[in-house]
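Chains as they are written, first to last, in our numbering: chain U, 298 to 491; chain L, 1173 to 1530; chain S, 8 to 173; chain A, 2 to 373.
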């Protein structure tokens, strides 16, 4: 019998404790609120100076971007991609490290590396990308990166890229070459297999 | 402004009893429906905000350019209502179509009829029955038929589970609810709601208003047993097992959409209003002012009544966003082994109390 | 207990079941699969071995030439020792006794290995595919697996497309 | 499923159902509310992890392990890299080990928070879920601050971690722990000690210790049955042997040993232990380069390894077979939720449908890991 009343007492007391907690939260909503009104307010994105000397390693996992002028067509990023969303075609340049003005091809990267290849196609399918960041690490010229964060000087952040069509998420980075321009270069080198 | 007063007023224009009766019913029914719709809209909005605030959220907000949902999301429920009305009304291929379409209206009728006897103020009551309390309790059971119809006609196992659970639950909890409301009836000696409220005039213990809840310890307990049973009858947490969304998807409402579902929703909130109204009338002095003798006239009655009802509805929301849900057998346990003994004891105690203290 | 002790315990009970294989690591033991159910029962119920936990069953396909294998990782909660048992199967008709009744988790692990490698566990009460659909064709994790091209009229995507990227 | 008798009914719970925690289908034989048999159907989320792994290089497997147990990606990574390092016999710098432990424990807290919150949701309490998600969010923020990703990190690499900790990470983390510890009390008052919650979970779905071991149930579910087994303690990997922490086991606090409440409560206690580990680890992270022992090319020697680690759901084992090439020959993941789910049938026979939901929730399954 005492068990019966003890049960009722326990029920009431624990329930009232719970109600007190929700009540305090309700009246202190101004203090406790964690909602952000998304389009108007946004979370601050982490921008930091990471702790080791490779300053340009990126800490943002956002849209991939390629500074195509710096790309030497080494295919390292393509090989590193676990989902094969990067696709690169290269054509051997006639002269290593020389500009080809009619194709807007620059011969040297900003690091001073002489390019041996003309990148005729560099596409990234962001709908397939798994944001693992594995492509950004092996790049010798640091030309493929995820936008924003420490790279915001190179490219503004773009978290909210959305398209109506899936194919619009395939980003083209290489400069457009028409077939004559391609023919004027040498025959395409078959891409290396991973 | 009861139907009776309307009929009497029409009678001054001539003798046409049938027409005047129909007119009186329609004239008083339309505001009642508006009350129902308005109640649902406000209650949904408040429920959203209350739940959000309790969870450290802020709920629907309409900011920025354009009119998303009004300032502070005030238009959210209106937008929802429009959405529900223009939504496709899906009827499952293998359902019993007639019953499926009928069920929402039966539930609606139950809630609507109950609302007719709710005393919003000393004059603002559609029908003032001489057995008003009994009537509300009785009419409240109509919705079970609708629920079982809905669950059966949907031809869906989840719906069937929900309906069966709901029927068992509502029928069981009517007993403690009825036994609890007997306490004020015993004390006032009447089944008429207005007389019941009139009985609660004046003061008790010197300073408290003479509401039945404050009258004696038994009636104090009776209020809580009634309120708990009332929550169970309206299928709200912690007794929301008929529509337990983590178990039964949506219970007996699983197959409903659009307008029919909106009717369910409307009825649910109307039911909350009815049971809270009965609790207020029976225990909390109805439209009587909490300060005896002050602000007790005219529109104040409506204000006090709605204020008390809103308080009870808020407590129901508070429960919902704090508590987990009971299991079916525990629900029955609470009803048959806890509430009914207590209410029985209460009736006995009130009888003794009346005998001793008058 | 070390591997040597476990080995000698099994060997004394079932002489000749242990297959010597130099390539194996220091926690692995290759057994002949003929008496597997008896050995497993012994391993579970012997108070000295007392392998009460079946950690993992891994199917293994060594390639066209090599055999199919089932690898069992056992662990004893009581004695805190572990062992890996390897049993090789015939490639054409891979069959081995089921240990599902001894370790209940063997039920699902064996179903999974059956699903992926087509190894049939004799005596399993409910040997169905578990991860793939019931009417899937082929054994996906075998090295010579060729995926079906159509499944109920749906084109099955290739695992890694050769040059179809466009 | 056998013959359906006259008063029995087969109920399909899922694949689309609010509380199957993913795309799980349960074929439930019921007699009224009473469940007599359950047949789980899994595989709706099968993404061929093991087949994929045989076609990508060793480092490219890591993003896929993220997606297996997506609620504890750090721990998924952790298990894989620990197995790989053991196979390749790499000794990682101590700083890396410490960072991994910090990340793993933070993710354990995050995962348990979600498990507990969703469990409340299964029982019908909505509010604790949002409180716990609110605090989990702060952990995810810390992960974002560290590695840029919030859910799928690809943070731990074979031989190191992808990024060093931010300079002020320790302070942020300690701040979070100081904020978080009092919250546990609030959760307890709001949910754990709530009488309705206790009634719903205590004595329900008891897994006796021998059944748990036989079914290969591990992690908090096994410890709730009273078996003191924790890979962190019993087969220490990384630097777990340097920290002082208890292994909480079930005690039958409100009911029987090994019931749903114990499984819930062990997780709550584990959060506290994780905080303890974190406080010790954060205070003593040695300095160093986190990249120095990352191999240029990952080519493990021929051989195989089975290594298990303690993920929030239990023993996460990786069986890796290498043939000396940069591509794994075979990767098998022994997922803890897979084994936990397999005992659902036996445990929930004779209980009600509501209890099946409670038992399923208490097992804390992640379908991504079960189906792989």
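The beta-carbon is built from N, C-alpha and C at its ideal position, and this holds for glycine as well.
Starting from the C-beta of residue 1385 of chain L, find all residues in its chain whose C-beta is less than 7 angstroms away, skip the five residues before and the five after it, and write them out in chain order.
Excluding its 5 nearest sequence neighbours in each direction, residue 1385 of chain L has C-beta neighbours in its own chain below 7 angstroms: 1391, 1392, 1395, 1455, 1456, listed in chain order.
Apart from the five residues on each side of it in sequence, which residues of its chain come closer than 6 angstroms, Cβ to Cβ, to residue 335 of chain A?
318
With a Cβ-Cβ cutoff of 8 angstroms, do residue 114 of chain A and residue 315 of chain U count as a contact?
no
Beta-carbon proximity check, residue 251 of chain A vs residue 227 of chain A, cutoff 8 angstroms:
yes
Tell me whether residue 43 of chain S, by its Cβ, gets closer than 7 angstroms to a heavy atom of the ligand FAD.
The ligand FAD is not part of this structure, which contains no ligands at all.
For residue 329 of chain U, which residues in chain L fall below 9 angstroms Cβ to Cβ?
1225, 1228
Outcome for residue 1389 of chain L when other beta-carbon atoms lying within 10 angstroms are tallied against a minimum of 16:
exposed
Applying the criterion that 16 or more other CB atoms from any shown protein chain within 10 Å of the CB defines a buried residue, is residue 350 of chain U buried or exposed?
Residue placement at residue 350 of chain U is flagged as unreliable, the pLDDT there being 45, under the threshold of 50; the coordinate-derived value follows with that caveat. Result: exposed.
Using three-state DSSP, classify residue 200 of chain A as helix, strand or coil.
helix
Compute the distance between the beta-carbons of residue 143 of chain A and residue 174 of chain A, then report whether it is under 8 angstroms.
Cβ atoms of residue 143 of chain A and residue 174 of chain A: closer than 8 angstroms.
Can you name, in chain order, every residue of its own chain whose Cβ lies under 6 angstroms from the Cβ of residue 17 of chain S, other than the five neighbours on each side?
none
Whose Cβ in chain A lies nearer than 9 angstroms to the Cβ of residue 428 of chain U?
64, 149, 150, 153, 155
When you compare the CB positions of residue 127 of chain S and residue 138 of chain S, do they come within less than 8 angstroms of one another, or not?
no
Residues of its chain near residue 431 of chain U, where Cβ-Cβ distance is below 6 angstroms and the 5 sequence neighbours each way are ignored
377
4 or more residues per run - each alpha helix (DSSP H) lying fully within the region 1414-1494 of chain L
Within the region 1414-1494 of chain L, the complete alpha helix (DSSP H) runs of at least 4 residues are 1430-1455, 1471-1492.
Please confirm whether residue 162 of chain A and residue 100 of chain A have their CB atoms less than 8 angstroms apart.
yes
Residues bridged to residue 81 of chain S [DSSP beta-bridge criterion]
S:61, S:90
With a threshold of 7 angstroms on Cβ separation, who are the neighbours of residue 307 of chain A within its own chain once the five nearest residues in sequence on each side are excluded?
318, 320
Neighbourhood of residue 177 of chain A by C-beta, 8 angstroms cutoff - its chain only, sequence neighbours within 5 removed
Counting only residues of its own chain and dropping the five nearest sequence neighbours on each side, residue 177 of chain A has a CB closer than 8 angstroms to the CB of 139, 140, 143.
Contact with chain L by residue 316 of chain U, beta-carbon distance below 8 angstroms:
yes
Once you ignore the five residues that flank residue 353 of chain A on each side, which residues in its own chain have a CB closer than 8 angstroms to its CB?
For residue 353 of chain A, where only same-chain residues beyond five positions count, the Cβ hits under 8 angstroms are 34, 35, 36.
Thinking C-beta only, is residue 272 of chain A closer than 8 angstroms to residue 110 of chain A?
Contact flag set, yes.
Cut-off 8 angstroms between Cβ atoms - residues of its own chain near residue 309 of chain A, not counting five sequence neighbours on either side:
Counting only residues of its own chain and dropping the five nearest sequence neighbours on each side, residue 309 of chain A has a CB closer than 8 angstroms to the CB of 80, 232, 236, 316, 317, 318, 319, 335.
What residue range is occupied by the uninterrupted alpha helix (DSSP H) comprising residue 1364 of chain L?
Neither: residue 1364 of chain L is in no alpha helix (DSSP H) and is coded neither H nor E.
Suppose you measure from the CA of residue 253 of chain A to the CA of residue 205 of chain A; what does that come to, to the nearest Å?
In this structure, the CA atom of residue 253 of chain A is about 11 angstroms from the CA atom of residue 205 of chain A.
Residue of A:26, A:124, A:28, A:46 minimising C-alpha distance to residue 1499 of chain L
A:124
Determine the DSSP secondary structure at residue 153 of chain S, reduced to helix, strand or coil.
coil
When DSSP labels each residue in this structure, what does residue 66 of chain S get in the three-state scheme?
In the structure shown, residue 66 of chain S sits in a strand (DSSP, three-state: E or B).
Give me whichever residues DSSP pairs with residue 18 of chain A in a beta bridge.
According to DSSP, residue 18 of chain A bridges with nothing at all.
Could you tell me whether any Cβ in chain A is nearer than 8 angstroms to the Cβ of residue 114 of chain S?
For residue 114 of chain S, the answer is yes, since a Cβ of chain A falls inside 8 angstroms of its Cβ.
Any idea what DSSP makes of residue 53 of chain A, helix, strand or coil?
helix
Looking at the secondary structure, which residues open and close the alpha helix (DSSP H) in which residue 1347 of chain L lies?
1329-1360
Whole-angstrom C-beta distance between residue 1470 of chain L and residue 1330 of chain L, which should lie under 8 angstroms:
Not quite, the Cβ-Cβ distance comes to about 49 angstroms (not below 8 angstroms), so this is no contact.
Under 8 angstroms between C-beta atoms, does residue 20 of chain A make it to chain S?
Closer than 8 angstroms: no.
Supposed close pair residue 1226 of chain L, residue 128 of chain A - CB separation, criterion 8 angstroms:
6 angstroms
Nearest to residue 1464 of chain L (by Cα), restricted to the options L:1529, L:1344, L:1377:
L:1377
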